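Heads up: the sequence lines are chains P and B, in that order. Here the first sequence is numbered in this note's numbering, starting from 1 and rising by one per residue. Here the second sequence is numbered in this note's numbering, starting from 1001 and rising by one per residue. Yeah, the Cβ is synthetic: ideal placement off N, Cα and C, and Gly gets one too. Since this is a predicted model, take the numbers as computed values, not measurements.
There are 2 protein chains.
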Amino acid sequence: MVLDKINSPKDLKELSINEMNELAEEIRPLIIKKVNTTGGHMGPNLGIIEATIAMHYVFNSPEDKFVFDVSHQCYTHKILTGRKECFTNPENYYKYTGYTAPEESPHDIFKVGHTSTSVSLATGLAKSRDLKGEKGNVIALIGDGSLSGGEAFEGLDNAAELDSNIIIIVNDNEMSIAENHGGLYKNLRTLRETNGKAELNFFKSLGFDYYYVEEGNNIEQLIETFNKVKNIDHPVVVHIRTLKGKGLPVAEQNKEMFHWINPRILDEQPQNAEPIEDYNSITNEYLYKKAQEDKNLIVINPATPGVHGFTPAFRTKMGKQYTDVGIAEEHAIAYASALAKSGSKPVLAIMSSFLQRTYDQLSQDLALNNSPITMLVYWGGISGADATHLCTFDIPLISNIPNIVYLAPTCKEEYMKMLTWSVDQTEFPVAIRIPTGDLISRGFEDNTDYSKINKYKIEAKGEKVAIIALGTFFKLGEEVKNELRDKLGINATLINPKFITGIDKELLEDLKNAHELVITLEDGLLNGGFGEKIARFYGNSAMKVLNYGSEKEFTDRIPVDKLYEKYHLKKELIAEDIKNCLFEKSPI
Amino acid sequence: MVLDKINSPKDLKELSINEMNELAEEIRPLIIKKVNTTGGHMGPNLGIIEATIAMHYVFNSPEDKFVFDVSHQCYTHKILTGRKECFTNPENYYKYTGYTAPEESPHDIFKVGHTSTSVSLATGLAKSRDLKGEKGNVIALIGDGSLSGGEAFEGLDNAAELDSNIIIIVNDNEMSIAENHGGLYKNLRTLRETNGKAELNFFKSLGFDYYYVEEGNNIEQLIETFNKVKNIDHPVVVHIRTLKGKGLPVAEQNKEMFHWINPRILDEQPQNAEPIEDYNSITNEYLYKKAQEDKNLIVINPATPGVHGFTPAFRTKMGKQYTDVGIAEEHAIAYASALAKSGSKPVLAIMSSFLQRTYDQLSQDLALNNSPITMLVYWGGISGADATHLCTFDIPLISNIPNIVYLAPTCKEEYMKMLTWSVDQTEFPVAIRIPTGDLISRGFEDNTDYSKINKYKIEAKGEKVAIIALGTFFKLGEEVKNELRDKLGINATLINPKFITGIDKELLEDLKNAHELVITLEDGLLNGGFGEKIARFYGNSAMKVLNYGSEKEFTDRIPVDKLYEKYHLKKELIAEDIKNCLFEKSPI
Chain P
1 MVLDKINSPK DLKELSINEM NELAEEIRPL IIKKVNTTGG HMGPNLGIIE
51 ATIAMHYVFN SPEDKFVFDV SHQCYTHKIL TGRKECFTNP ENYYKYTGYT
101 APEESPHDIF KVGHTSTSVS LATGLAKSRD LKGEKGNVIA LIGDGSLSGG
151 EAFEGLDNAA ELDSNIIIIV NDNEMSIAEN HGGLYKNLRT LRETNGKAEL
201 NFFKSLGFDY YYVEEGNNIE QLIETFNKVK NIDHPVVVHI RTLKGKGLPV
251 AEQNKEMFHW INPRILDEQP QNAEPIEDYN SITNEYLYKK AQEDKNLIVI
301 NPATPGVHGF TPAFRTKMGK QYTDVGIAEE HAIAYASALA KSGSKPVLAI
351 MSSFLQRTYD QLSQDLALNN SPITMLVYWG GISGADATHL CTFDIPLISN
401 IPNIVYLAPT CKEEYMKMLT WSVDQTEFPV AIRIPTGDLI SRGFEDNTDY
451 SKINKYKIEA KGEKVAIIAL GTFFKLGEEV KNELRDKLGI NATLINPKFI
501 TGIDKELLED LKNAHELVIT LEDGLLNGGF GEKIARFYGN SAMKVLNYGS
551 EKEFTDRIPV DKLYEKYHLK KELIAEDIKN CLFEKSPI
Chain B
1001 MVLDKINSPK DLKELSINEM NELAEEIRPL IIKKVNTTGG HMGPNLGIIE
1051 ATIAMHYVFN SPEDKFVFDV SHQCYTHKIL TGRKECFTNP ENYYKYTGYT
1101 APEESPHDIF KVGHTSTSVS LATGLAKSRD LKGEKGNVIA LIGDGSLSGG
1151 EAFEGLDNAA ELDSNIIIIV NDNEMSIAEN HGGLYKNLRT LRETNGKAEL
1201 NFFKSLGFDY YYVEEGNNIE QLIETFNKVK NIDHPVVVHI RTLKGKGLPV
1251 AEQNKEMFHW INPRILDEQP QNAEPIEDYN SITNEYLYKK AQEDKNLIVI
1301 NPATPGVHGF TPAFRTKMGK QYTDVGIAEE HAIAYASALA KSGSKPVLAI
1351 MSSFLQRTYD QLSQDLALNN SPITMLVYWG GISGADATHL CTFDIPLISN
1401 IPNIVYLAPT CKEEYMKMLT WSVDQTEFPV AIRIPTGDLI SRGFEDNTDY
1451 SKINKYKIEA KGEKVAIIAL GTFFKLGEEV KNELRDKLGI NATLINPKFI
1501 TGIDKELLED LKNAHELVIT LEDGLLNGGF GEKIARFYGN SAMKVLNYGS
1551 EKEFTDRIPV DKLYEKYHLK KELIAEDIKN CLFEKSPI
């Protein structure tokens, strides 16, 4: 195998074009097998094998610097830079991350997982090179989908002003995660259709020199063009047309489905099993029904329909009442705010980690204008995710902004009541933290009037210890209550706060009567979170408070069970802490 | 006067072109006098008088909807929409805000003060109109400077896809707050130089129809073009060339200085007084000296040089070691992170309120990569500012992100030590909250080794009560200490924490020995802030804690003294709270 000879990019430079073509065909099945085993980004990696080989053939990494946007397409790069064993040997499948990681290799410069950052990062590298009077190429590889993000535009606008070498490779596979959205994409199409020759050219309008490569999966053509721009003394865009999912027919044909896949997708037989009811399905069933009744309802999503179960069928039947704004989270918030201000009923679906792009828009465009949107926050909570995709920060992010009402349902009954209330109310910007995991039914009808904000619910009245268990951690609260009964003979009070963004002063004041200790449980970061507000409330009283949640750190693919152990998010550990606290020993 | 006849936009429609020209010349001195009296945005408003008249003549507000970007250019709009008395009668000068404000008038749709949001907001209004099957024009007015912000691009990219009416008026006065930066601006220049006829056209590349008005201060020409696009059925950009500061020669010639002015600028005689030493001057003196010694130092600023005292002279002498990235805060952080990763020493200067644009970049591009940049945060603290420009949120914003070290100096000696340490260290992303107000010297040499992070300093050892007084509120801490001595005979401990982002566990643990109560003082939001971490720390102990700072609310031009009263940020009120707390009465 050609791959046997490749232990670093240098080895690549000895190969002929034919050998490099062979190499690409050797790498392809390795990626397919590995991703089908572990899950991961399939389509993006299959489309960029040839370009990555050509990049490493023409340029000299790490002296020449590659910045991968999102870095979810870096598998071939990892294979070529001394890490092929994570693809050739299944035992090493989990040894390396699915993103660039400086701790793994000097060929990886940044830890990246969010979109649209590569051009800005590359501009900084280029400027640093220039300040030091050094030479070398700086190359950003960015997908067409990522170009719609504001940070990418800010980067392009600034990169274009560099008076020196910077090479932006635009990997145009005609797809974002799902289809692209935005006026820019018409221009990319025109450029493709004219072999890059159209007068109207977005990149040239910003001041870039521009090259087009129609066959972006043709190593020879790529090398030819990369050689033309190597050591160039001004900013240039190389626009290459690639095929997402190339070489795996099912991925070529189902580009959205194969952008990121769960393990073993390729092994499964098509099933006709009844679809499972989950938080996504009940949400989308409601949204569709409501959209039929009320033409003012509109669902908005920034480029992640798969996360929310917004299938192509759902999108089609929602028609004009569904907008995918592309990778444009900032726009999504302002857009939703204006829709609400005009009397429409926007429901914005967004993943906790990507919501981080919108702090200022949440504050200024939304909260300051007090626009009654409904924002559904997905995947919020402590998890074993990559450091780039942690969803533990949304409570501190949202809940310290005035005016927003952030709700934490504990079960499907509460969630549906909150959702239906929120969509029709006109008083508050409302966010709902959709529970993670399986659908939980607590088997009651929720008749709460959520317009009376910041009213917590006492689920079980007890004494001595009060457990305030937020959202998904309500279940843990129940377990702790039982543990306290069984192990310490304590009949604890159990509280379901429901509202993340406010304090129920009356209830908390009442607790002082028969309780010595309040514990808070939240599925997210302690710092700046929910529990600290409770600690502050009781600061001037004799009430003791223990807060449970995650610590301020970027964890990276640590199994959630280990994190629970570390953060004492287990009934036994919490009961032990409570025992120590009540009996004056030093707790955690 | 023509203005006497104008009480609503309807009255404008009766006027001839000549009368409208007269009206513009009547409005101009009113704006100059008012802004020179109260302070405010001078240049932007003087440049847009004619266009605002033409907009209100052609379109029918509020059925047709105007969205003003930043809305710092809305003075003529206010005059024409029933609020002229705030310009004609000095007694009413403070009656209305300097930005659009829905509570003032149905002609103002959004509360806006940050840049680059108008196109997204207008897109939402247009979409809502379409969902409801209504008619009408939606018009966004955006300055050329604001176009570099990522949110504006996301908005344009999405607006271009609307299958209906949206009109983006690009007010091109060839300036941002200072000069423009970015490749886009070369294209705007080309368009101006070709009377809008250049083939390469940024707006057309995104799919917009496009009109150019060379004389953007000519009411007749503006009306002619606005009439062409009125009721248009697709997205269109009207690019108008205006003169910033028009009609006030000193403002036309000093566009940057007259973007926003303090009161009475026009009345002052040029002075040759010695320049005052302040936090800006000592910062910039250090930065220039350091830049001379070390070619790796680079100062970065997103379009607000005036805030930091980066005068044209300073910028010139810094040469390639100064980069204004334009209105592009997201890019600024990623760019700085990459510079630091490459061994350069970036110092990023940014205003607290505008830093809000960068939460995700602080987290992902910076903190996750642990890049050793120095970020100087300006104007952080409680103030009487407009709701759109509050600087009270930076502590919750920054301090709940892992890895970043956020420092709060209490005086110039600490600040300079922190700054010089930060610039040369290579371990941490460091942010420094530059104190507001006059330079404070505490007359000692600071020999602290700040690489030993999260070590608080005991400034005075006492007992019973410990005062942890952060940054600018250290002075208040000293006052409280004296008040406790004088009124309650308590010799309180006074602590200068210096580090916002971490807990000095050892010191806090020690305090338990001789203290019953800890109070925290911070010049910013309590929710998610510094004090709550202290409250959490002591949650399981007998130590009582009182936290002082601002409440979670958008205050709007409330004098700071009233806010201090409300938040109990006065020595007498705090001493009273302490007395109540120690003697078991109910405190605040």
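What does B/Thr1081 reach in chain P if we use C-beta pairs closer than 9 Å? None at all; the shortest Cβ gap to chain P is about 18 Å.
In the DSSP assignment, what residue or residues form a beta bridge with B/Met1351? B/Tyr1378
Span of the alpha helix (DSSP H) holding B/Ala1140? B/Ala1140 -> not in any alpha helix (DSSP H); beta strand (DSSP E) instead, spanning 1138-1143.
Give me the subset of the stretch 1235-1262 of chain B whose CB atoms are less than 7 Å from a CB atom of chain P, sorted by chain position. none
Terminal residues of the continuous alpha helix (DSSP H) containing P/Thr81? P/Thr81 -> no alpha helix (DSSP H), and no H or E assigned at all.
Short CB-CB distance (under 9 Å) between B/Asp1157 and chain P: yes
Would you mind telling me which residues of chain P sit closer than 8 Å to B/Ala1336, beta carbon to beta carbon, in chain order? Contacts between B/Ala1336 and chain P, judged by CB atoms closer than 8 Å, involve Gly124 in chain order.
For P/Val67 and B/Leu1368, what's the separation of their Cα atoms in angstroms? 16 Å
Would you please verify whether the beta carbon of B/Asp1144 is less than 9 Å from any beta carbon of chain P? no
Nearest CA to the CA of P/Gln364: which residue from B/Lys1461, B/Glu1215, B/Leu1015, B/His1114? B/His1114
For B/Pro1305, go through chain P and note every residue whose CB falls closer than 7 Å to its CB, in chain order. Ordered by position in chain P, no residue passes the 7 Å Cβ test against B/Pro1305, which lies about 16 Å from the chain.
Is the CB-CB distance between B/Ser1120 and B/Gly1143 below 9 Å? no
By the DSSP assignment, the alpha helix (DSSP H) with B/His1331 in it spans what residues? 1329-1341
Spatial neighbours of P/Ile31 within its chain, please: CB distance less than 7 Å, with the 5 preceding and 5 following residues excluded, ordered by chain position. Asn45, Leu46, Tyr75, Phe87
For P/Gln356, count neighbouring Cβ atoms within 10 angstroms of its own Cβ and tell me buried if that reaches 16, exposed if not. Burial of P/Gln356 is indicated by the presence of at least 16 other C-beta atoms within 10 angstroms of its C-beta.
According to DSSP, which residues form a beta bridge with B/Lys1457? B/Asn1496
With 16 as the cutoff for other CB atoms within 10 Å, does P/Ile588 come out buried or exposed? The predicted position of P/Ile588 is uncertain, since its pLDDT is 44 and thus under 50; a value taken from the coordinates is nonetheless stated next. It counts as exposed.
Opening and closing residue of the alpha helix (DSSP H) in which P/Thr38 lies: 17-38
In chain P, which residues lie less than 8 Å from B/Thr1388 when you measure between Cβ atoms? Gln364, Leu368
Mapping the DSSP letters down to three states, classify P/Ile395 as helix, strand or coil. helix
Contact set between the stretch 273-301 of chain P and chain B, restricted to residues whose Cβ is under 8 Å from the partner: Cβ contacts with chain B: Lys295, Asn296, Ile298.
Mind the definition here: the stretch 241-255 of chain P touches the stretch 78-87 of chain P only if three or more C-beta pairs lie below 8 Å; say whether that holds. Remark: fewer than three beta-carbon pairs, one from each stretch, lie closer than 8 Å, so the stretch 241-255 of chain P and the stretch 78-87 of chain P are not flagged as touching.
Given this structure, state the Cα-to-Cα distance separating B/Gly1183 from P/Gly182, to the nearest angstrom. 21 Å
Listing by chain order, which chain P residues have their CB less than 7 Å from the CB of B/Tyr1548? None at all; the shortest Cβ gap to chain P is about 11 Å.
Would P/Gly326 and P/Pro302 be called neighbours here (beta carbons separated by less than 9 Å)? Yes; because the gap between Cβ atoms is below 9 Å, this pair is in contact.
Just curious, the alpha helix (DSSP H) that P/Arg615 is in, first and last residue? Past the boundaries of the shown model lies residue 615 of chain P; chain P is included only from 1 to 588, so the question cannot be answered.
Neighbour-count burial assignment, B/Met1375, 16 or more Cβ in a 10 Å radius: buried
Under the rule that 16 or more other beta-carbon atoms within 10 Å means buried, what is B/Gly1380, buried or exposed? B/Gly1380 is buried by the Cβ-count criterion.
Between which two residues does the beta strand (DSSP E) containing B/Glu1516 stretch? First-last of the beta strand (DSSP E) with B/Glu1516: 1515-1525.
Per DSSP, cross-strand counterpart(s) of B/Ser1550: B/Leu1525
Drop a sphere of 10 angstroms on the beta-carbon of B/Met1318, count the other beta-carbons inside from all chains shown, and report buried for 16 or more, exposed for fewer. buried
What residue does the beta strand (DSSP E) around P/Asp438 start on, and which one ends it? Run containing P/Asp438: none; DSSP gives neither H nor E here.
Span of the alpha helix (DSSP H), counted from its first residue to its last, around P/Lys481: 474-483
Contact criterion: CB-CB distance below 9 Å. Does P/Ile558 meet it with respect to chain B? Chain B, which has no Cβ nearer than 9 Å to the Cβ of P/Ile558, makes this no.
Can you check whether the CB of B/Ala1101 is closer than 9 Å to the CB of B/Asn1165? It is not a contact, given that the beta carbons lie outside the stated cut-off.
Buried or exposed (CB count within 10 angstroms, at least 16 for buried), B/Lys1552: buried
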